[in-house]
Every structure is written in C-alpha cells, then in structure tokens.
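Chemist: Just dropping this structure here.
Protein chains: 2
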Amino acid sequence: MGRSYQQYCPIAHALDIVGERWSLLVVRELMRGPQRYSDLHERLPGCGTNVLAARLKRLEEAGVVHRHRLPPPAASMVYELTEYGEGLRRVVHELARWGIRSLGPPAPDEALHPGWLIEALGAITELQSDTPDTRVEFRVGAEVGSFSAGVVSQGAADEPDAIVSTDPPGFYHLFVNGDFEQVEITGDRDAVGRLVSAAALGPPLALHV
Amino acid sequence: MGRSYQQYCPIAHALDIVGERWSLLVVRELMRGPQRYSDLHERLPGCGTNVLAARLKRLEEAGVVHRHRLPPPAASMVYELTEYGEGLRRVVHELARWGIRSLGPPAPDEALHPGWLIEALGAITELQSDTPDTRVEFRVGAEVGSFSAGVVSQGAADEPDAIVSTDPPGFYHLFVNGDFEQVEITGDRDAVGRLVSAAALGPPLALHV
DNA sequence: CGGAATCCTCTTCGATACTG
DNA sequence: CAGTATCGAAGAGGATTCCG
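From first to last, the protein sequence lines are chains A and B. With my numbering, letter number 88 in the first sequence gets 88, and the count goes up by one each step, no holes. With my numbering, letter number 186 in the second sequence gets 1186, and the count goes up by one each step, no holes.
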C-alpha cells in the first residue's frame, strides 16, 4: 500500500485509494467492462507488471474492484468494478471534461482506440438533463454513436433530429471551440447547437508547457 | 515535471497535470481562496518543501495556478487558482462525494479545520438543482452554514424552512446513512429529507483495509 | 520572516526476466 | 495467462541552509 495522507478528509481519503500513479487509468479501463490482467497491461503501456498487480490488489482491498474466475472452460481471471468502483465514473468524467480543455485536438492521423466516441459522448454530456428531447447521431471516422433524450448509446439513432459527420479533430473543435466549420450536419442544426451548449465544457486553454 | 502517461486521452492528460502526489490537495487548499506558500505548507503536513515548490511550479506552468505578489506593504507572494484551476472544483467535489462513502464518521473529538462545513455542504449538494425552494440552516459544532435555493453560504439562513443542529458525526450519519437519530431539527423535517435525498451520496461501505 | 534550494535517505517506479 | 523477483533510475520526505 502506498503512503497515506493521514488526514480526516474525504478528498485525501479518496486519493489514498485511487490517487497513486496508474490507479485511475486502471479504473478508466475497467469502466469499459470486465478485463483480464493481460488486457489491462496491454492497454496501459508503461505500467510495469508489478505496479499493475499492486494497484489491482489495493483497489480490491478498498472495495473498488472485484476479482473473480470465469466459469470453465475459459477459466481465466477477470477484474471488474464493484458498485462502489462504478461510482468513480462521475469522477473520471469530470476529470476528462476538465482535461479536454487543455489537451488540444488529436492529430488527424492519431490512432484512437475503438469505442472512444461512446466514452467521449458520455463524458461530454455527463449530468446534462436539460436537453430532454434532443436526438443527435454522430459519425466520427469509423465510430457511430448517438445521444437521445439524455442517454448515450452506441450505433445509429432512431429518427435523429440531426446527423453529425466529421473526423476526430472536427469533433473536438465542435465541442471545445463551438466550431461548426469542420462538421457536416444533416437535419436540425439547432439540435446540435443545444447539445454543444449543454455540454458547457468551457473555453480551451492556450498551449501549456 | 513528473513523467507523462503519453496517451492521447483527456483523462491521462488531466492526470499528467494534477495526478501527482499532493497536487489535488494543493488545489483543495487553494479552493478556499488565495494562499501563501507557508499557509499551504502548514496545511499539508507531510509534504516536503521541495515537493510543494515543484507542484506549485508545475501547476503554474499548466495554467491551473497563478502566482503573484500582493501590493505593498504586505508584499508577500500568494498563489490562487486560475479560471481553469477553478474548473477542478467539480472534480474535487466528485472525489469527495465518492470518498465519503468509505471514510466513516469523524471521531467525536476529531479536530476539523475551520470552514469545513461550508465545503462539505458544497460538495454534498454539488449539482443538485432539484431542491429549488428548500432553505436549511446547519449548526454543526462551532460551524454554521446554510443551503438556500441551490446555493451554499456561510452563516445563518434567512427564514429557513428548517434548522439542523448536531455534531460532526451526526452530520455524517445524516447524509451518508440517512440517519436522523443524531440530529436535532426545528422546523420542516421534510425540507431536510429532500436535501438528503437530493444529495444522493450512495450507501456507505463496510470498513476497508 | 516567508519562500524556497540543497542534501541525504528511503521508497516507489518501470523494465526485464522469470515462474506456477 | 497471471502474476512474482530483481535491479537501476526516479521521486518523495525530512532537515537544514540560503536568500531577500
């Protein structure tokens, strides 16, 4: 176990559990669903095997992660978030919403992992219940996801108000800069506008060091 | 600078900025307002002077913190959050909301820092706009704070629907366990109930290691 | 006195190699 | 596949010293 901050404070306590290096990225991976040790290791380049093992053990002790063996024949070990661990989804989404403002757009040829769009939509629209009747479908590169009545789902939308087609940089500029120049919209442009406004990510930062 | 995760991901990027040990606790302190170096050092026991200096430098580079000199005669240096740094408030509050579930109540004689109540109310009621007309005043130990129309403020409330008097453990049990046994309420008990429900912290965890 | 830079020890990280 | 063992490099923590 890492060293505790030794303060009676919910924030310090939370960081005692998930504040060590790699911990929240392990959680990020498990938010995609149960994963095996080697899946995690593969998706976290730079994380030593011993460090990953230590983090998983710590997270399990703290009730964030549950480790269990799959039923035979595929009798391998998988890790998954507990109900308490699922509670970190909001934390991670808020962190993503904050981080995106100083991240900058992806390079046009940046390799994004499959499923990124659905997670991005989830984080962007986290907590937004003020776009109740808006339905928008996003087609970004090879990914398709949609936002409908406050819920994000993979794949095409049913009778969307609008369809947004773009590439990852265009998607970034749409939500971070409110820039509609790099997206192609068919249908109700205002529906997209409402979604972007509701996301309320805040202005981007000039490049930092 | 610490070592980067080297991933194009808003979460990894955010953690590159504030994921190092002590960084988010520095931010927590600055959320109380501008602070001098020695104030921060005093409030972060266990944090070495070199580590604190390094974190502040990193946070300044990243546009999270702004450092400036107070006008004479008190020509000392103060650190404060930038607009971008203020954006971490939601992250920190979500972390607190998550952490509180496994923290357990404070010891009856636990020394809490002045001003804790107002921060606790802020985190607990973060994002809760579904209690528009509720006004509750809290008197917890030496601290007084109030919640009124979605806004938290220090001191007594103007014509509150209810006044809650208790000690810190009672305050904890009220919001985390929904336990009204350890609080004394004058006025509209349901107003307090609505606030507790809206907080929606989730169930507490059994003691973890 | 406030705000660090330096020095030194100890722990943790990250990479590789190895084992049930 | 799922880790443990090992080891050099980097970072944390504590005390002291230096600077304005």
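All C-beta atoms in this analysis are idealised placements derived from N, C-alpha and C, irrespective of residue type, glycine included. Here the structure is a predicted model, which means the values were calculated and not measured.
Determine the DSSP secondary structure at Tyr1172/B, reduced to helix, strand or coil.
Modeler: Walking along the second sequence from the start, residue 1172/B turns up at place 172. Tyr1172/B falls in the helix class under three-state DSSP.
Chemist: Beta strand (DSSP E) containing Gly187/A: first to last residue?
Modeler: Against the first sequence, residue 187/A aligns to sequence position 187. Segment 184 to 187, the beta strand (DSSP E) holding Gly187/A.
Chemist: Using DSSP with H/G/I as helix, E/B as strand and the rest coil, what is Glu143/A?
Modeler: In the first sequence, the residue the question calls residue 143/A occupies position 143. DSSP places Glu143/A in strand when its eight states are reduced to three.
Chemist: Please go through the same chain and pick out, in chain order, the residues whose beta-carbon is closer than 7 Å to the beta-carbon of Asn177/A, but skip the five residues on each side of it.
Modeler: One-based indexing of the first sequence puts residue 177/A at position 177. Cβ neighbours of Asn177/A beyond the five flanking positions: Pro204.
Chemist: Here's the rule I'm using: 16 or more other beta-carbon atoms within 10 Å means buried, otherwise exposed. How should Arg1069/B be labelled?
Modeler: Locating residue 1069/B in the second sequence gives position 69, counting from the first residue. It is exposed - the Cβ of Arg1069/B has fewer than 16 other Cβ atoms within 10 Å.
Chemist: Can you say whether Ala74/A is buried or exposed, counting buried as having 16 or more other CB atoms within 10 angstroms of its CB?
Modeler: Locating residue 74/A in the first sequence gives position 74, counting from the first residue. Exposed, since its Cβ has fewer than 16 Cβ neighbours within 10 Å.
Chemist: My understanding is that Ala1199/B touches Thr1125/B, with C-beta atoms under 8 Å, so please give their C-beta distance in whole angstroms.
Modeler: Locating residue 1199/B in the second sequence gives position 199, where the first residue counts as 1. Locating residue 1125/B in the second sequence gives position 125, where the first residue counts as 1. Indeed they touch by this definition, with Cβ atoms about 6 Å apart.
Chemist: Taking the alpha-carbon of Asp158/A as reference, which of Val196/A, Ala142/A, Phe138/A, Gly104/A has the nearest alpha-carbon?
Modeler: Working through the first sequence from its first residue, we reach residue 158/A at position 158. Nearest of Val196/A, Ala142/A, Phe138/A, Gly104/A to Asp158/A, Cα basis: Phe138/A.
Chemist: Examine chain A for any beta-carbon lying closer than 8 Å to the beta-carbon of Ile1011/B, and answer yes or no.
Modeler: On the second sequence, position 11 is the one that residue 1011/B refers to. Cβ-Cβ to chain A under 8 Å: yes for Ile1011/B.
Chemist: Note down, in chain order, every chain A residue with its Cβ under 7 Å from the Cβ of Gln1035/B.
Modeler: Mapped onto the second sequence, residue 1035/B falls at position 35. Correct list: empty, because the minimum Cβ distance to chain A is about 16 Å.
Chemist: Going along chain B in order, which residues have a C-beta closer than 8 Å to the C-beta of Ser102/A?
Modeler: Your numbering for residue 102/A matches position 102 in the first sequence. The contacting residues are His1013, Ile1017, Ala1062, Gly1063, Tyr1084.
Chemist: In the DSSP output, what is Val65/A paired with across the bridge?
Modeler: Within the first sequence, numbered from 1, the residue matching residue 65/A stands at position 65. DSSP, once it has assigned bridges, lists Leu81/A as partnering Val65/A.
Chemist: Am I right that Val1092/B and Arg1028/B are in contact with their C-beta atoms under 8 Å? What's the rounded C-beta distance?
Modeler: As a first step, residue 1092/B must be located in the second sequence, where it is residue number 92. As a first step, residue 1028/B must be located in the second sequence, where it is residue number 28. About 6 Å; that satisfies the 8 Å criterion.
Chemist: Does chain A have any CB closer than 8 Å to the CB of Pro1169/B?
Modeler: Within the second sequence, numbered from 1, the residue matching residue 1169/B stands at position 169. No, Pro1169/B lies away from the interface with chain A (no Cβ there is under 8 Å from its Cβ).
Chemist: For Leu1023/B, which of Glu1042/B, Pro1106/B, Gln1182/B, Cys1047/B has the nearest alpha-carbon?
Modeler: If you number the second sequence from 1, residue 1023/B lands on position 23. The sequence shown places Ser at residue 1023/B, rather than the Leu named in the question. Ranking Glu1042/B, Pro1106/B, Gln1182/B, Cys1047/B by Cα distance to Ser1023/B puts Cys1047/B first.
Chemist: How many Å lie between Ala1096/B and His41/A at the Cα?
Modeler: Locating residue 1096/B in the second sequence gives position 96, counting from the first residue. Locating residue 41/A in the first sequence gives position 41, counting from the first residue. Approximately 29 Å, taken between the alpha carbons.
Chemist: Check for me: the beta strand (DSSP E) holding Ala1162/B runs from which residue to which?
Modeler: Position 162 of the second sequence, counting from 1, holds the residue named residue 1162/B. Its beta strand (DSSP E) spans residues 1162 to 1166.
Chemist: If I measure Cβ to Cβ from Thr1049/B and keep anything under 7 Å in the same chain, skipping five residues before and after, which residues do I get?
Modeler: Translated into the one-based positions of the second sequence, residue 1049/B becomes position 49. These residues qualify, in order along the chain: His1041.
Chemist: In three-state terms, what does DSSP make of Leu205/A?
Modeler: If you number the first sequence from 1, residue 205/A lands on position 205. DSSP places Leu205/A in coil when its eight states are reduced to three.
Chemist: Could you name the residues of the same chain whose beta carbon sits closer than 7 Å to that of Pro1160/B, not counting the 5 residues immediately before and after it, in chain order?
Modeler: The count along the second sequence starts at 1 and reaches residue 1160/B at position 160. Cβ within range, chain order: Arg1135, Val1136, Glu1137, Ser1146, Gly1187.
Chemist: Compare the beta carbon distance of Leu103/A and His1013/B with 8 Å and say whether it is the shorter of the two.
Modeler: Taking the first residue of the first sequence as 1, we reach residue 103/A at position 103. Taking the first residue of the second sequence as 1, we reach residue 1013/B at position 13. Yes. Within cutoff.
Chemist: What residues from chain A crowd round Gln1182/B, counting only those whose CB sits closer than 8 Å?
Modeler: Residue mapping note: residue 1182/B aligns to position 182 of the second sequence, counting from 1. Near Gln1182/B there are no residues of chain A at all, since even the closest Cβ is about 18 Å away, more than 8 Å.
Chemist: Return the chain-ordered list of same chain residues with a C-beta closer than 7 Å to the C-beta of Gly1202/B, the five sequence neighbours on each side being excluded.
Modeler: For the purposes of this step, residue 1202/B is identified with residue 202 of the second sequence, where counting begins at 1. Result list for Gly1202/B: Arg1101, in chain order.
Chemist: Can you check which of these residues, Ile1011/B, Gly1193/B, Phe1175/B, is closest to Glu99/A by C-alpha distance?
Modeler: For the purposes of this step, residue 99/A is taken as residue 99 along the first sequence, with counting starting at 1. It should be pointed out that residue 99/A corresponds to Gly in this sequence rather than to Glu. Per the Cα distances, Ile1011/B.
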